[in-house]
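Notes to accompany the following structure.
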Amino acid sequence: MNEKAKPKQAATVILVRRAAPKGFEVLLTRRPDSMPFLGGMYCYPGGTVRKDDYAPAMLQRCFGLAPRQAQKIIGAHFSPREALGLWVAAAREVFEEVGILFAVDDSGEPCMADPKRAHRLVEKHGQILGKSLSFLALLENEGLRCDLSSLAHFSYWQTPAQFSMRFDTRFFIAALPENQDPLLTSDEVAHSLWLTPDAALQMFQAGNLPMIFPTFAALRTLADFETLESVFKEFRATRSTAL
Numbered sequence: 015m016n017e018k019a020k021p022k023q024a025a026t027v028i029l030v031r032r033a034a035p036k037g038f039e040v041l042l043t044r045r046p047d048s049m050p051f052l053g054g055m056y057c058y059p060g061g062t063v064r065k066d067d068y069a070p071a072m073l074q075r076c077f078g079l080a081p082r083q084a085q086k087i088i089g090a091h092f093s094p095r096e097a098l099g100l101w102v103a104a105a106r107e108v109f110e111e112v113g114i115l116f117a118v119d120d121s122g123e124p125c126m127a128d129p130k131r132a133h134r135l136v137e138k139h140g141q142i143l144g145k146s147l148s149f150l151a152l153l154e155n156e157g158l159r160c161d162l163s164s165l166a167h168f169s170y171w172q173t174p175a176q177f178s179m180r181f182d183t184r185f186f187i188a189a190l191p192e193n194q195d196p197l198l199t200s201d202e203v204a205h206s207l208w209l210t211p212d213a214a215l216q217m218f219q220a221g222n223l224p225m226i227f228p229t230f231a232a233l234r235t236l237a238d239f240e241t242l243e244s245v246f247k248e249f250r251a252t253r254s255t256a257l
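Under the numbering used here, residues 15 to 257 are what the sequence shown spells out, in order.
As structure tokens, then:
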């Protein structure tokens, strides 16, 4: 295998919320047509793991999951730090792409965005996209810790060998935090939709929701569940306070 085709580690987040009058919905984001990977496709927020995601300073700002716990879930072929970095990458990417922040204060209480903090987070989201602020600096400035306990490991997929751009991707699932709403668009999101798994599958079959097989497979798996409680009973996070 040449270096160009070597898979990169990546993480993505299946964000879910309650639906009315029953059931639950999944957030699907459409990537801009101009993007070199999955342009025009519907998927879940995510991206490549960076070294900063498992740097010592970043891991000190994490809550709810220890490095060895992450390694036990992911596998011994990762170091404990690298394993935890997959969760960090998932949390960072979902904030960068749709503005949802999985974070708690030093006492472990969820980040309930008051109007002043919400305004600051909008500004800092723009700074992160402009690369003038890091995800770690955002957490440090706000006195927050990255809440990895909200993210449950869901599945694993690898891009086939024939593709020049390849990823080893860990899928996580998380409930939408209270008092937060995802951005409808961003630099990497043309637009987004909340759909029940059944509705998304029907739109896919009709040719109105283009997606690759891992996205479809996750929706097909979730379609077998009736409630968020049943989902998180099967794909258990260490703590799920948003249910």
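The beta carbon of each residue, even a glycine, is placed where N, CA and C say it ideally should be.
Through-space distance from residue j to residue i, alpha-carbon basis
i	j	result
I187	P124	18 Å
K22	R64	10 Å
A103	D67	6 Å
S121	K145	29 Å
N193	M126	7 Å
S244	R32	12 Å
T229	F149	26 Å
L143	I87	31 Å
A69	H139	21 Å
T173	L215	22 Å
Rounded Cβ spacing between residue i and residue j (contact assumed at less than 8 Å)
i	j	result
V40	L233	7 Å
T26	S206	About 14 Å; that fails the 8 Å criterion.
A5	T62	The requested residue 5 is not part of the displayed model; the chain covers only 15 to 257.
I226	L100	With a Cβ gap of about 20 Å, I226 and L100 do not count as contacting.
F92	Q85	6 Å
R95	L73	6 Å
Pair within 7 Å by beta-carbon distance, residue i and residue j
i	j	result
A265	F116	Here the chain covers residues 15 to 257 and nothing more, so residue 265 does not appear.
F185	S164	no
L223	Y58	no
A237	D212	yes
For residue i, the nearest candidate out of the options (CA to CA)
i	options	result
T235	P224, E248, L223	E248
L158	V118, I226, V112, E111	V118
E11	P81, F92, E110	Outside the shown range of the chain (15 to 257) lies residue 11, about which nothing can therefore be said.
D161	C76, K86, G54	C76
A71	L98, K86, P59, Y58	L98
G113	P46, L29, W171	L29
A166	A189, R95, K20	A189
S48	T229, A204, A231, T210	A204
G37	A231, A214, T210	T210
G60	D182, A34, A80	D182
A34	A214, R180, W208, A69	W208
Stretch-stretch touch, CB-based, cutoff 8 Å, three pairs: the segment 192-203 with the segment 147-162: no
Contact the segment 135-154 vs the segment 219-226: 3+ CB pairs below 8 Å: no
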